[in-house]
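Colleague: Residue numbers (the working numbering), protein chains in the order written: chain A, 1 to 114; chain B, 1001 to 1113. Pasting a structure below so you can have a look.
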Amino acid sequence: AQSVAQPEDQVNVAEGNPLTVKCTYSVSGNPYLFWYVQYPNRGLQFLLKYITGDNLVKGSYGFEAEFNKSQTSFHLKKPSALVSDSALYFCAVRAYDAGNMLTFGGGTRLMVKP
Amino acid sequence: EAGVTQFPSHSVIEKGQTVTLRCDPISGHDNLYWYRRVMGKEIKFLLHFVKESKQDESGMPNNRFLAERTGGTYSTLKVQPAELEDSGVYFCASSQATTDTQYFGPGTRLTVL
């Protein structure tokens, strides 16, 4: 079985400061890892994914995530937060060889204060 | 290019009634997925279509839920009869190839009273 943990329900950060949203996963075999963002009254928007290759993945809106196999983590980062980054962030995993369903974490609400 | 669309955006029904949710995937995407998020918990997989065939329906909670994708285009998800615990947000996603990124629609918020 595969699972995802997002240990923080909410992350607060000041505008201009770096942000990190944490994600750890458990899966048999090689993982495909994803970050999605949900803005208020909107659907899930794809941010970035890790399939293979470079452990540092760059995505939309200046976000990046680092795949760490030994720590089974895929933390989302941004060097300088914007107020407009405030949203709900979901980490998801799909096992390389175990179907196509995504397993999601519980979500982390990011609040960026001016 | 239009994204995944879902209708309605919000539905409020009484317990015991029937509701049908619709999803239109991105044009050309053979793979269509349904997920739901209930009570603010994790987003959970319901099922996966490849064209008109159900590839994986392991996440369907019970036989009150029926998903169809006639003709391999849009899909419907019917809940009959609806129960209180069915309240939540139902998301649809599509992808071109099975292994590709899944793109999500805006969701349908279902409230069962």
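Each residue gets a CB set at the ideal place from its N, CA and C atoms; glycine is no exception.
1. Look at A:K69 and A:V57 and say whether their C-beta atoms are less than 8 angstroms apart.
2. In the DSSP output, what is A:P31 paired with across the bridge?
3. From the DSSP output, in three-state form, read off A:L88 for me.
4. Which residues of chain B have a Cβ atom closer than 7 angstroms to the Cβ of A:R146, listed in chain order?
5. Is it right to say B:L1084 is buried, meaning 16 or more other beta carbons lie within 10 angstroms of its own, or is it exposed?
6. Using the C-alpha atoms, what's the distance from A:D85 back to B:Y1020?
7. At a Cβ cut of 8 angstroms, what residues of the segment 49 to 61 of chain A count as close to chain D, listed as they run along the chain?
8. Considering B:C993, what are the terminal residues of the beta strand (DSSP E) in which it resides?
9. Consult DSSP for B:D1072 and reduce its assignment to one of helix, strand or coil.
10. On the three-pair Cβ rule with 8 angstroms, is the segment 25 to 33 of chain A touching the segment 87 to 97 of chain A?
Modeller: With the structure as the only source:
1. no
2. A:A95
3. strand
4. No information on residue 146 of chain A is available, as it lies outside the stretch 1 to 114 that chain A covers here.
5. With fewer than 16 other CB atoms across the displayed protein chains lying within 10 angstroms of its CB, B:L1084 is exposed.
6. Rather than Tyr, the amino acid found at residue 1020 of chain B in this sequence is Thr. Taking the straight line from one Cα to the other gives about 34 angstroms.
7. Structure shown: chain D not included; protein chains present are A and B.
8. The question about residue 993 of chain B has no answer here: the residues shown for chain B are numbered 1001 through 1113.
9. Here the sequence assigns Gly to residue 1072 of chain B, which means Asp is not the residue at that position. Looking at B:G1072 - three-state DSSP - the assignment turns out to be helix.
10. yes
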